[in-house]
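Each protein sequence line maps, in turn, to chains A and B. Residue numbering for the first sequence follows full-length UniProt numbering, starting at 1 and increasing by one per position. Residue numbering for the second sequence follows full-length UniProt numbering, starting at 1 and increasing by one per position. Glycine residues also receive a C-beta, built at the ideal position from the N, C-alpha and C atoms.
Number of protein chains: 2
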Amino acid sequence: MSQKPFVSAQEVAERAGVSRSAVSRTFTPGASVSPETRRRVVEAAEALGYHVNHLARGLMLNESGIVCLIVSDMGTPYRSSLIRAVTQQLQDAGKIAMLVNTDRSDGSVDLALRQAIRYRADASIILSGMPDKSITQLCLKNGQRLVLINRDDDQEGPLRINLDDAAAAGRLVTAFLRAGCRRLAFANSEAGTPSLMAREHGFVTAAKTMGVEVVVERYGSTGYESGRVLAQRLLTLSERPDAVFCATDLIACGFMDAARHQFSISIPDQLCVAGFDDIEQAAWSSYQLTTFGQPVEAIAREAVTWLGRDDAEDPSARNHSVRLNADLVWRSSIRGG
Amino acid sequence: MSQKPFVSAQEVAERAGVSRSAVSRTFTPGASVSPETRRRVVEAAEALGYHVNHLARGLMLNESGIVCLIVSDMGTPYRSSLIRAVTQQLQDAGKIAMLVNTDRSDGSVDLALRQAIRYRADASIILSGMPDKSITQLCLKNGQRLVLINRDDDQEGPLRINLDDAAAAGRLVTAFLRAGCRRLAFANSEAGTPSLMAREHGFVTAAKTMGVEVVVERYGSTGYESGRVLAQRLLTLSERPDAVFCATDLIACGFMDAARHQFSISIPDQLCVAGFDDIEQAAWSSYQLTTFGQPVEAIAREAVTWLGRDDAEDPSARNHSVRLNADLVWRSSIRGG
DNA sequence: TTGTAAGCGTTATCAA
DNA sequence: TTGATAACGCTTACAA
């Protein structure tokens, strides 16, 4: 069994008493084969446990059916939920996901990516906010279609799926003001990815429009610990903020925990807090965080349907950009509502 | 470019002025090729952007380098951290991960798995607790090596990686008793996977040995919401527990939140809580949960190194079982420590 | 050390 | 509708 565990179309053909092309046609959608032949082939295939070899198939068709998911921080709630959604929808579309972790930045990223290229993935979906241009170039150069999620890239070719980060952030200013807040703050990471910066910029300019200044603080990654540090900095200001918009939910959770447990601040009475992503934890009763929901299912759907379109018959598909809305999920970390 | 984006060994050979076998040998570890030839080949390959086609290579060698990760609930903190660890280590070992989501149980699991089989994955790693025997059979029958994580399966062939769930759970009884707790409870999910049941059983029997009864309650999935429901049930008992061991950290978080916010119970003063997995949230200051750490890196290492071993030269590798320790991570959800 | 040639399991083309 | 045949890009005897 370790010697030859796999059944080939040849063997199926022999058992069914037909040619191997008949077998191939049976498993090729839209090929012409008589009901009788098909029946016999299917029967033989079933009995032998035959599975079409996609390695060989991909070689022939120059189309592997493999889609490469390039992602950093995949242990993170938002990232992992996006991976889940995309993987599921790819499966539903008859494709399969390959996973490439880009956590380490020391060239091993490049190595892993080349590894994926060797498998002739039809496409790559870049879920990470990593602003590394060489990655996208490498994918494109190898004939892969490319989907960039939350990356404000203006290159030609890839599908770009973005959120209305800035607009969403702007809407939040109104909510804060309506709650009676006057001293607004923005707690950001230093990562500087386009979507993070768009949230900051959208928030700050909208506030300015309404005649309110915003204190902006940036620190570290987009995780929980950064939120704690940012709280240290913002909550010790002489003019302490009464409303803070955190660039991610994880930052918001860290911020809230520090505010409550270290500064004994009551939320939302003394401080209103909002986040972004709507991770599962945002709904936990310790946080009840008002936040913007990432439409992960919609993002996945856009990506997968675009990949399903044949770019030969649809030239517009070669260069496409989609903007989705992040809806505000109201919970009790902001007064009123 | 959309026509023929990939460079073949043939083209590299022509440019380097050698035969295509020379090219192949250059990229085959341990093949004999002169330094001069190698240099010219590498140079040409570099210039052309050549990448060995692993589809074709896998076809020849009957070894794809693909490892299939079969997993449900991959958006969950513990699952996603395990996926991250395994994916990274596979990359380091020169292999690549394929991701199969088994969330939907309605035959689409089977479909997705067959999809993976078609790619002739060398191995499958089952990360999910899904006790579906047909899946393991299907993998084995198709000549894949198999790794079962946290599945108490006694089949021959696969590598089985398990934790000392029962022993760990037993140790916790001592900790609870030392904290002065007398009314012990176990909050479990209804999922009934081997590791969950081992935790329950280990806890209950260890307590019995020490002359203490345990109230066991089971409900729903292994998630946060189940914890809330379990809290409703256990904290309304006439003899209210003063210590509860939750089968997973997510259950523990839900339990703690309900205990505090609905029952105004102070932790750890009035109630000691412990969990299992050591997810990131367990360290958050709202929880500070004492819990057992899943050794995800060690699990991943065991799996990947086993896959790297050639089973032909190491017959014992065909049937191997590993038991790892879950270490108790002390935080402040239990008195003392 | 090198090149030639066969074969891996497919699908597409083309007669029959 | 069917079967033979030629690719696809690779590795590996085998011969030079």
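{"Check": "Can you give me, in chain order, the residues of the stretch 179 to 212 of chain B that have a beta carbon less than 8 angstroms from any beta carbon in chain A?", "Outcome": "none"}
{"Check": "Which class does Glu217 of chain A belong to by DSSP, given the choice of helix, strand or coil?", "Outcome": "strand"}
{"Check": "If the cut-off is 7 angstroms on Cβ atoms, which residues from the stretch 129 to 160 of chain A count as contacting chain B, listed in chain order?", "Outcome": "Lys141, Asn142 and Gly143"}
{"Check": "Name the chain B residues whose beta carbon is nearer than 7 angstroms to that of Asn101 of chain A?", "Outcome": "Arg84, Thr87, Gln88 and Gln91"}
{"Check": "The beta strand (DSSP E) with Phe292 of chain B in it runs from where to where?", "Outcome": "Thr290 to Gly293"}
{"Check": "Opposite Leu320 of chain B in the DSSP bridges: which residues?", "Outcome": "Reading the sequence as shown, one finds His at residue 320 of chain B and not Leu. Bridge partners of His320 of chain B: B:Leu159."}
{"Check": "Buried or exposed: which applies to Gln137 of chain B, given that a residue is buried once 16 or more other Cβ atoms fall within 10 Å of its Cβ?", "Outcome": "exposed"}
{"Check": "Taking DSSP's pairing of strands, which residues face Ala16 of chain B in a bridge?", "Outcome": "Its beta-bridge partners do not exist; DSSP assigns none."}
{"Check": "So with CB distances below 9 angstroms, who are the chain A contacts of residue 358 of chain B?", "Outcome": "The question about residue 358 of chain B has no answer here: the residues shown for chain B are numbered 1 through 337."}
{"Check": "Residues in its own chain within less than 7 angstroms of His201 of chain A by CB, not counting five upstream and five downstream?", "Outcome": "Ala166"}
{"Check": "Could you please give the first and the last residue of the uninterrupted alpha helix (DSSP H) stretch that includes Ser108 of chain A?", "Outcome": "Ser108 to Arg118"}
{"Check": "Which of the three DSSP states, helix, strand or coil, is assigned to Ser124 of chain B?", "Outcome": "strand"}
{"Check": "Quick test of the definition: if touching needs 3 or more C-beta pairs under 8 angstroms, does the stretch 287 to 307 of chain A touch the stretch 1 to 21 of chain B?", "Outcome": "no"}
{"Check": "Ala326 of chain A by DSSP, collapsed to three states: which one?", "Outcome": "coil"}
{"Check": "Can you confirm whether Pro29 of chain A, when its beta carbon is compared against all beta carbons of chain B, has any partner nearer than 7 angstroms?", "Outcome": "no"}
{"Check": "Contact between the stretch 148 to 161 of chain B and the stretch 95 to 106 of chain B is defined here as three or more beta-carbon pairs at a separation below 8 angstroms; is this criterion met?", "Outcome": "no"}
{"Check": "Using alpha carbons as the reference points, say which of B:Phe27, B:Val244, B:Gly94 and B:Val86 lies closest to Gly65 of chain B.", "Outcome": "B:Gly94"}
{"Check": "For Leu114 of chain A, which residues in chain B fall below 8 angstroms Cβ to Cβ?", "Outcome": "Reading off the sequence, residue 114 of chain A comes out as Arg, not Leu. Result: His51."}
{"Check": "Is there contact here, the stretch 325 to 336 of chain A with the stretch 25 to 33 of chain B, by at least three beta-carbon pairs under 8 angstroms?", "Outcome": "no"}
{"Check": "Check Ile308 of chain B in the structure and name its three-state DSSP category.", "Outcome": "Note that residue 308 of chain B is Gly in the sequence shown here, rather than Ile. Correct three-state label for Gly308 of chain B: helix."}
{"Check": "So the candidates are B:Leu177, B:Ala247 and B:Ser264; which of them puts its Cα closest to the Cα of Gly336 of chain B?", "Outcome": "B:Leu177"}
{"Check": "Rounded to whole angstroms, what's the CA-CA distance from Val23 of chain B to Val67 of chain A? Just pull it up for me.", "Outcome": "28 angstroms"}
{"Check": "Given Ala175 of chain B, which residues of its chain have a CB within under 7 angstroms of its CB, disregarding the five upstream and five downstream residues?", "Outcome": "Ile334"}
{"Check": "Looking only at its own chain, which residues have a Cβ that is under 8 angstroms from the Cβ of Leu237 of chain B, when we skip the five neighbours before and after it?", "Outcome": "Val215"}
{"Check": "Evaluate Ser195 of chain B with the Cβ neighbour count: other Cβ atoms within 10 Å of its Cβ, from every protein chain shown; 16 or more gives buried, anything less gives exposed.", "Outcome": "buried"}
{"Check": "Can you pull the chain A neighbours of Gln270 of chain B, defined as C-beta to C-beta under 8 angstroms?", "Outcome": "None at all; the shortest Cβ gap to chain A is about 18 angstroms."}
{"Check": "Name the chain B residues that come within less than 7 angstroms of Leu55 of chain A, Cβ to Cβ?", "Outcome": "Leu55, Gly58, Leu59, Ser64, Tyr119 and Arg120"}
{"Check": "Is Ala207 of chain B near Ala231 of chain B, with beta carbons less than 7 angstroms apart?", "Outcome": "no"}
{"Check": "What residues are listed by DSSP as bridge partners for Gly275 of chain A?", "Outcome": "A:Thr291"}
{"Check": "Is the Cβ of Pro295 of chain B closer than 7 angstroms to any Cβ of chain A?", "Outcome": "no"}
{"Check": "Okay, do the stretch 69 to 79 of chain A and the stretch 36 to 51 of chain A touch, 3+ Cβ pairs below 8 angstroms being the bar?", "Outcome": "no"}
{"Check": "Distance, Cα to Cα, Met1 of chain B vs Leu127 of chain A?", "Outcome": "In this predicted model, Met1 of chain B has a pLDDT of only 37, less than 50, meaning its place in the structure is not dependable; the value taken from the coordinates is given anyway. Rounded to the nearest angstrom, the two C-alpha atoms are 25 angstroms apart."}
{"Check": "State yes or no: is the beta carbon of Pro241 of chain B nearer than 7 angstroms to at least one beta carbon in chain A?", "Outcome": "no"}
{"Check": "Decide if Ser134 of chain B is buried, meaning its Cβ has at least 16 other Cβ atoms within 10 Å, or exposed.", "Outcome": "exposed"}
{"Check": "When the Cα atoms are used, what is the spatial distance from Pro77 of chain B to Thr290 of chain A?", "Outcome": "21 angstroms"}
{"Check": "With H, G and I counted as helix, E and B as strand and the rest as coil, what does DSSP make of Met1 of chain A?", "Outcome": "Note that Met1 of chain A scores 37 on pLDDT, short of 50, meaning its location in the model is unreliable and no value can be drawn from it."}
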